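Input: a single structure, listed below in structure tokens.
Protein chains in written order, with my numbering: chain A, 1 to 215; chain B, 1001 to 1238.
What follows is the structure, given as structure tokens:
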């Protein structure tokens, strides 16, 4: 039995969301294992993937849930969980979590099969994007920012490494070259970083145009 | 996007500019819309990468902690009521219901009979154990009458609770009220564990060891107070 199965929590949904918003480390951890247990028990009814991919989908789903809480996309008011347009949640937090997981799964399908969505998938994805990640009330710039956050999770491993080392770990190009010896010159690394950013920019615009202009 | 702009933007965002350079750059940003847009885009990437990396690091730590066993299941309070007043209401309703059930029991029972004539753990478990918390592994062992194993699990959980209470006490980020609340939850878990230990000890015919635990439980403000009192008296009468 995986150890996290012992770590399920009976925090109320509202307590979990509020605790995460307040950056309570104990609640953040409890939420993680609460979602993990539910995901493991229920993902088969939503999709079927290999173990490694399943873990990636879970991780990406949890990050999006976390971001949605931090950005008050879902929040607690008068002890009640609220979501889009401030309306009270009708379902459970785990149901919401699995809806995000479905979105992540469809993204994973696109990533691994180069866009072979069915028409039904496209409709589902468009609807999920609008319902779960974005809000009609936020402006275009905020939507674009959220899309960038979303696209970062789909970057190539190499781009992810470069941008993480550069912007998060604040390493210089010289330091990154030591860790990524395939780059033989500083200019090559600088160009690679720039291309990663350009690709990200292109992907973000493509999603924006596809789901927020075309649909 | 222009590659030429990127070096300056990065130096600005990563604080690698002198004061004069910063001022000059900010002036340039004010005058150049394209540069401004690229700065905002890069800032978005920086924020997103940082936030994502911090979240991934936290998740890795949680997984590692559990793999190493340095944090226990008891780190998670079993139940957090949405609001204290609601909990009080639940206590009141439970209290009234308990009085009603006890009254009914005394009215209907044959004269002279005791609630449990033979306090074996499975009988006590089925009649009294409330369940619903996260000691499912111990519950399973008790149901399977594997009392030695149940006791071993209980000892592990007791250690976990001790570690957890230390963690709560040392936690500088929580205020006094939250600390009291966390400690109350820990106490609830301790009492539940005591009750499970009583069941395991009775299963092993170690009633003498169960008695002090029952004595503590009947004095505590907990879900098992009444049951502990009843069982304590029965064992003492034997």
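Ideal Cβ positions, reconstructed from N, Cα and C, are used throughout, including at glycine. Being a predicted model, the structure only gives us computed values, none of them experimental.
Quick one: Cα of residue i to Cα of residue j, how far?
| i | j | result |
| --- | --- | --- |
| residue 36 of chain A | residue 1029 of chain B | 45 Å |
| residue 1235 of chain B | residue 1202 of chain B | 10 Å |
| residue 1056 of chain B | residue 158 of chain A | 17 Å |
| residue 109 of chain A | residue 99 of chain A | 15 Å |
| residue 1100 of chain B | residue 1160 of chain B | 37 Å |
| residue 1137 of chain B | residue 1153 of chain B | 8 Å |
| residue 63 of chain A | residue 38 of chain A | 16 Å |
| residue 1051 of chain B | residue 45 of chain A | 31 Å |
| residue 1041 of chain B | residue 153 of chain A | 16 Å |
| residue 1183 of chain B | residue 208 of chain A | 49 Å |
| residue 1078 of chain B | residue 76 of chain A | Any reading at residue 1078 of chain B needs caution, since the residue's pLDDT is 38, under 50, leaving its predicted position unreliable; the model's value is listed next. Taking the straight line from one Cα to the other gives about 21 Å. |
| residue 22 of chain A | residue 84 of chain A | 20 Å |
| residue 156 of chain A | residue 1143 of chain B | 51 Å |
| residue 1128 of chain B | residue 1230 of chain B | With a pLDDT of only 47 at residue 1128 of chain B, under 50, the local geometry of the prediction cannot be trusted, and the value read off the model is given with reservation. Looking at the two C-alpha atoms, the distance is approximately 11 Å. |
| residue 1195 of chain B | residue 48 of chain A | 42 Å |
| residue 1206 of chain B | residue 1199 of chain B | 10 Å |
| residue 1023 of chain B | residue 106 of chain A | 46 Å |
| residue 74 of chain A | residue 1020 of chain B | 43 Å |
Can you pull the chain B residues whose beta carbon is under 8 Å from the beta carbon of residue i, in chain order?
| i | result |
| --- | --- |
| residue 170 of chain A | 1014 |
| residue 201 of chain A | 1001, 1041 |
| residue 152 of chain A | 1045, 1048, 1049, 1052 |
| residue 59 of chain A | 1056, 1059 |
| residue 54 of chain A | None at all; the shortest Cβ gap to chain B is about 14 Å. |
| residue 95 of chain A | Within chain B, no residue comes near residue 95 of chain A; the closest Cβ sits about 18 Å away, beyond 8 Å. |
Under three-state DSSP, which class holds residue i?
| i | result |
| --- | --- |
| residue 46 of chain A | coil |
| residue 1062 of chain B | helix |
| residue 77 of chain A | strand |
| residue 1135 of chain B | coil |
| residue 1224 of chain B | coil |
| residue 1205 of chain B | coil |
| residue 21 of chain A | helix |
| residue 95 of chain A | helix |
| residue 1018 of chain B | coil |
| residue 1032 of chain B | coil |
| residue 183 of chain A | coil |
| residue 1111 of chain B | Unreliable positioning characterises residue 1111 of chain B in this predicted model, as indicated by a pLDDT of 43, which lies under 50. The coordinate reading is nonetheless provided below. If DSSP states are grouped into helix, strand and coil, residue 1111 of chain B belongs with coil. |
| residue 142 of chain A | helix |
At a CB-CB cut-off below 7 Å, which residues of chain A make contact with residue i?
| i | result |
| --- | --- |
| residue 1055 of chain B | 63, 66 |
| residue 1006 of chain B | 194 |
Chain B partners of residue i, CB-CB under 7 Å?
| i | result |
| --- | --- |
| residue 149 of chain A | 1048 |
| residue 32 of chain A | 1059, 1062 |
| residue 198 of chain A | 1001 |
| residue 82 of chain A | Within chain B, no residue comes near residue 82 of chain A; the closest Cβ sits about 14 Å away, beyond 7 Å. |
| residue 164 of chain A | 1049, 1053 |
Name the DSSP beta bridge partners of residue i, please?
| i | result |
| --- | --- |
| residue 82 of chain A | A/75, A/88 |
| residue 1147 of chain B | DSSP output for residue 1147 of chain B lists no bridge partner at all. |
Give me the chain B residues within the contact set of residue i, using Cβ-Cβ distance strictly less than 9 Å, ordered along the chain.
| i | result |
| --- | --- |
| residue 107 of chain A | The premise fails here: residue 107 of chain A is roughly 15 Å from chain B at the closest Cβ pair, so nothing lies under 9 Å. |
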